[in-house]
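Quick note, the sequence shown lines up with residues 1 to 143 if you use the UniProt record's numbering.
The C-beta atom is built at its ideal place from N, Cα and C for all residues, glycine as well.
Each remark here refers to the structure printed beneath this line.
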Amino acid sequence: MLVTFATLLVFQCLGEGITFALNLPIPGPVVGMLLLFVALLLVPGLLERIEETGSELLRHLSLLFVPAGVGIVVSAATVRGHWLAVIVSVVASTILTLAVTATVMRLTMPRRHQKDDAIPEVLQDDPAAPDLSSIPPKGNEHA
Numbered sequence: 001m002l003v004t005f006a007t008l009l010v011f012q013c014l015g016e017g018i019t020f021a022l023n024l025p026i027p028g029p030v031v032g033m034l035l036l037f038v039a040l041l042l043v044p045g046l047l048e049r050i051e052e053t054g055s056e057l058l059r060h061l062s063l064l065f066v067p068a069g070v071g072i073v074v075s076a077a078t079v080r081g082h083w084l085a086v087i088v089s090v091v092a093s094t095i096l097t098l099a100v101t102a103t104v105m106r107l108t109m110p111r112r113h114q115k116d117d118a119i120p121e122v123l124q125d126d127p128a129a130p131d132l133s134s135i136p137p138k139g140n141e142h143a
């Protein structure tokens, strides 16, 4: 667990250092995540060493947003006259994130046959499961 935290911290610090040294307009942790991604591709055993603790961190990800929320409340006076711009940028970035995520999922997820989609995966290979293949898919009912 300590090794995982140290590994993640090293990549975050590397990202911060690169951002500071090169005066990049990108946040240091984002650069650190990109470096971690490259390291995960290049170093064979790295994923196994950090996967368990990383998954545990992701389970508690909502707690990591508390400092950001406090920062927003503290900085509220700074953006007081710019609420419309803040709201528009939050809505636009949310829509853009959803669109990019949907596109990436559509391109990377394997295609499944429509017949298999109607039957849950856990029932497809279960010999004790009832035969659901004769049930028409939703939307094809005729009155």
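- Annotated three-state conformation of G54 is helix, per DSSP.
- It is roughly 19 angstroms from the alpha-carbon of R49 to the alpha-carbon of L14.
- Within the same chain, Cβ atoms closer than 7 angstroms to the Cβ of L46 are found at A39 and L40, the five residues on either side in sequence being excluded.
- L42 places its beta carbon 8 angstroms or farther from that of F11.
- In the displayed model, M109 falls within coil according to three-state DSSP, outside both helix and strand.
- V31 is classed as buried because its beta carbon has at least 16 other beta carbons within 10 Å across all chains shown.
- Collapsing the DSSP output to three states places L41 in a helix.
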